[in-house]
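*Asks:*
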Amino acid sequence: MFRKMYNLGNIDSTEAGSMIQYIEDVFFKGSNPICQPLLPSQHLTNRLVRLDKGKNYVYSNRGLNPSDENSCLVHYIQGPKYIDLRVESFLQIFESKLYEITGD
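Residue numbers 98 to 201, in the numbering used here, belong to the letters of the sequence shown in order.
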């Protein structure tokens, strides 16, 4: 699985790093990992994202903190259709963890 992550908003580098580490742990570690790392021959120098015309790829959700108007989380998931259930499960887990993050 190819993944590319970009964090933007009211988050520091330590929080971003721990969030990315959590995501990688869910996908690649544990007793039953849901993904395998790419083989060396699968690494491409250029990655293209081709989206079909006329499709809506935006999912919006109101932020928990109204004073953070400029915060967002953007992620792109690209892969075969058979992993849709796995991705949905991951997103549910990830969403619940986002609500647990405190503003310390």
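Ideal Cβ positions, reconstructed from N, Cα and C, are used throughout, including at glycine. Keep in mind that this is a model prediction, so the values were computed, not measured.
Assuming I120 is part of the alpha helix (DSSP H), what are its boundary residues?
*Replies:* As a position in the sequence shown, residue 120 is number 23, starting the count at 1. Bounds of the alpha helix (DSSP H) holding I120 are 110–125.
*Asks:* At the level of alpha carbons, what is the spacing between I120 and G106?
*Replies:* Translated into the one-based positions of the sequence shown, residue 120 becomes position 23. Translated into the one-based positions of the sequence shown, residue 106 becomes position 9. Whole-angstrom Cα-Cα distance: 18 Å.
*Asks:* Please report the distance separating the alpha-carbon of F187 from that of I198.
*Replies:* For the purposes of this step, residue 187 is identified with residue 90 of the sequence shown, where counting begins at 1. For the purposes of this step, residue 198 is identified with residue 101 of the sequence shown, where counting begins at 1. Answer to the nearest angstrom: the Cα atoms are 17 Å apart.
*Asks:* Can you tell me which of the three DSSP states L195 falls into?
*Replies:* For the purposes of this step, residue 195 is identified with residue 98 of the sequence shown, where counting begins at 1. If DSSP states are grouped into helix, strand and coil, L195 belongs with the helices.
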